[in-house]
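*Asks:* Quick one: the structure is below, and I'll ask about it shortly.
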Amino acid sequence: MQDFNTEGPDEQDDELYEHYSFTAGKGQEPLRVDKFLMNFIEKATRNKIQQAAKNGNIQVNGAVVKQNYKVKADDVVRVLFEHPPYEFLLTPEDIPLNIVYEDDTLLVVNKPAGMVVHPGHGNYSGTLINALIYHFENLPENSSGRPGLVHRIDKDTSGLLVVAKTEAAMTHLAKQFFDKTSEREYIAIVWGNVEAESGTVEGHIGRHPKNRMQNTVYEDGDQGKEAITHYAVLERLGYVTKISCKLETGRTHQIRVHMKYIGHTLFNDERYGGDAILKGTTFTKYKQFVDNCFKILPRQALHAKTLGFEHPKTGDWMRFDSELPEDMVACIEKWRTYAKHAME
């Protein structure tokens with residue numbers, strides 16, 4: 013199932029649980045394992061990694077290693093602990109949900125920006141799943157052990173998600189996403205004037221070789237996974253453009269990566285460099301204007317606006333649409349006013 017991670021907790025090695033597993037690339041130069049893991053694990057500290065090594069929690073090719081072990085090409089590096097990964101220790105939390113539709117088979121929620129979809133490293137509470145398991149009992153688990161989740165959107169992306177309430181719904185909906193028969197439309201604000209009225213970006217997406225927090229496009233197709241994004245211009249706003257993006261595939265950060273690839277990074281997308289002024293003038297007043305826009309919209313300008321799928325039980329086509337959140341509306345209005353005055 014392409015839209016969610018299929019890696020679950022791996023219980024083995026004398027009741028140790030796998031928390032991380034990485035395979036060194038073919039071009040990997042010899043590098044100490046503690047430094048190697050620092051490049052892969054978000055928010056990790058050198059001290060914690062070294063302590064894990066001292067406790068025998070780091071293995072390479074199935075053997076316990078010390079912190080000074082030199083990782084080489086094709087080495088399989090694993091970090092294991094006695095407790096399951098925190099993302100699998102799910103705690104119900106009474107967090108309000110904006111439910112736009114619900115029946116006995118599924119529900120559709122409108123996720124606010126800033127809410128993480130599922131617990132993960134550094135985010136073990138306050139997530140959509142913490143809220144779901146509080147409000148709903150016996151949600152089916154996907155192949156990653158995450159209750160109800162059929163697909164995901166990023167923490168700072170707002171918008172619509174469908175949640176399965178039965179095993180049959182989970183299987184049926186997941187197959188629609190895999191077969192590319194679902195409909196997903198996003199609204200984004202991107203840097204620059206997108207010249208073509210519409211277009212398609214096709215480029216395999218995989219982990220960035222140098223920055224492990226980013227994904228990137230691999231043109232040769234030998235690396236990464238197939239990713240297809242269709243875009244259309246909705247409004248030209250001077251140095252930024254409001255666009256629609258429709259997904260055929262559902263790769264991590266797909267729209268963010270594809271739009272950067274064609275030279276139109278999402279506005280205020282910190283991870284991909286959109287939180288700098290990428291287009292415009294050198295005037296101080298312009299810099300102040302953009303800074304104000306960043307304050308109004310303190311996240312990447314991306315909203316999952318439309319979601320369509322076949323109902324798993326009735327077979328009816330269902331299509332849901334959501335309003336743009338206030339922060340994006342306010343930002344667009346500021347750019348609209350700026351562009352109007354700039355043309356006068």
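Residue 13 is where the sequence shown starts when you use my numbering, and the numbers rise one by one after that.
All residues carry an ideal CB built from backbone N, CA and C; glycine is no exception.
Taking the alpha carbon of K317 as the point to measure from, which residue in R224, Y298, A200, I217 has its own alpha carbon closest?
*Replies:* Ranking R224, Y298, A200, I217 by Cα distance to K317 puts A200 first.
*Asks:* Taking only beta-carbon positions, decide if H220 is within less than 8 Å of chain C.
*Replies:* This model lacks chain C altogether; it includes just one protein chain.
*Asks:* I'd like to check one pair, G160 with L151: are the Cβ atoms closer than 8 Å?
*Replies:* Against a cut-off of 8 Å, the Cβ pair of G160 and L151 comes out as a contact.
*Asks:* With distances taken between CB atoms, is the gap from L185 to F332 smaller than 8 Å?
*Replies:* Not a contact, by the Cβ cut-off of 8 Å.
*Asks:* What number of angstroms, rounded off, separates the C-alpha of K237 from the C-alpha of F301?
*Replies:* Their Cα atoms are separated by approximately 38 Å.
*Asks:* Could you tell me if R311 is buried or exposed, where buried requires 16 or more neighbouring beta carbons within 10 angstroms of its beta carbon?
*Replies:* Per the 10 Å Cβ criterion, buried.
*Asks:* By Cβ distance, which residues of its chain are closer than 7 Å to E231, with the 5 residues on each side in sequence left out?
*Replies:* Contacts found: G215.
*Asks:* If you compare alpha carbons, which of A65, C305, E41, G37 is closest to V202?
*Replies:* Taking only the C-alpha atoms, the option nearest V202 is C305.
*Asks:* Under a Cβ-count criterion, where at least 16 other Cβ atoms within 10 Å of its own Cβ denotes burial, should A288 be classed as buried or exposed?
*Replies:* So A288 ends up on the exposed side.
*Asks:* Could you pull the DSSP bridge partners for F93 from this structure?
*Replies:* Looking at the DSSP assignment, F93 forms a beta bridge with Y29.
*Asks:* I'd like the list of long-range same chain contacts for V88, defined as Cβ closer than 6 Å, with 5 residues on each side in sequence excluded.
*Replies:* Excluding positions up to five away in sequence, the list reads T35, N73.
*Asks:* L92 and E30: beta carbons closer than 8 Å?
*Replies:* Contact flag set, yes.
*Asks:* Quick one: what's got a C-beta closer than 7 Å to L144's C-beta in the same chain, skipping five residues either side?
*Replies:* These residues qualify, in order along the chain: L151, P159, G160, V175.
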